[in-house]
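In the numbering used here, the protein residues as written are 42 to 182. From the three backbone atoms N, C-alpha and C, an ideal C-beta is built for every residue, glycine too. Below: the structure, in structure tokens.
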Ligand code: HEC
């Protein structure tokens, strides 16, 4: 009898934990992530900053950056903002929140550029995301 109670309690706790996990942000579907570009020697200055300048810096520049996140330097772009999480996991583009958010695989209100601002800031192309992935995978130099 006692064992039964313990077992059903374990089951109940397991189910509660599971439903919490499901309610949290759904894991991003990484199969939808555009592949990393096949280009060697990708650098922030040469390849990545121009993408950010066009699509991100109006909100993530030195002046009152949204979410206290700046993309105008390599170091700041890696570090992240008020989320407290690194935006770039060096060497692992598929684990980098910046990539997940820019590839529209994050929760809707975290997609970048913000979904309701796409008339002014269109989504990045698959090629641009691929280049950012290659940059991160190659060590975010
Ligand atoms: C129109 C303004 C705007 C543009 C353009 C924009 N963002 Fe954002 N960004 C925001 C806002 C607002 C937040 C905060 C979202 C939230 O937490 O709800 C944010 C948050 C972020 C974060 C989370 C930072 C942290 O650690 O808190 C990342 C990463 C990010 N943006 C990346 C980008 C990238 C990459 C681009 C360009 C492709 C971009 N954003 C373009 C407004 C913008």
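task = Note down the Cα distance separating residue 174 from residue 49, rounded to an integer number of angstroms.
result = 46 Å
ask   = How far does the alpha helix (DSSP H) with residue 140 in it reach, from first residue to last?
value = 138-143
ask   = Excluding five sequence neighbours on each side, which residues of the same chain lie with their C-beta closer than 6 Å to the C-beta of residue 141?
value = 69 and 147
inquiry  = Closer than 8 Å is the cut-off here; do at least three beta carbon pairs connect the region 151-160 with the region 72-84?
reply    = no
inquiry  = Let me confirm a value: residue 47 is counted as buried when at least 16 other C-beta atoms fall within 10 Å, else exposed. Which label applies?
reply    = exposed
ask   = Is residue 85 near the ligand FAD, in the sense that its beta carbon is under 7 Å from a heavy atom of that ligand?
value = The model on display carries the ligand HEC but not the ligand FAD.
message = On the criterion of 16 or more Cβ atoms from any shown chain inside 10 Å, does residue 139 qualify as buried, or is it exposed?
response = buried
query = From 52, 95 and 127, pick the residue whose C-alpha is nearest to that of residue 163; which is it?
reply = 95
query = Would you say residue 124 touches the ligand HEC, meaning its beta carbon is less than 7 Å from a heavy atom?
reply = yes
inquiry  = What would DSSP say about residue 84, mapped onto helix, strand or coil?
reply    = coil
query = Do you know offhand how far residue 180's Cα is from residue 101's?
reply = 22 Å
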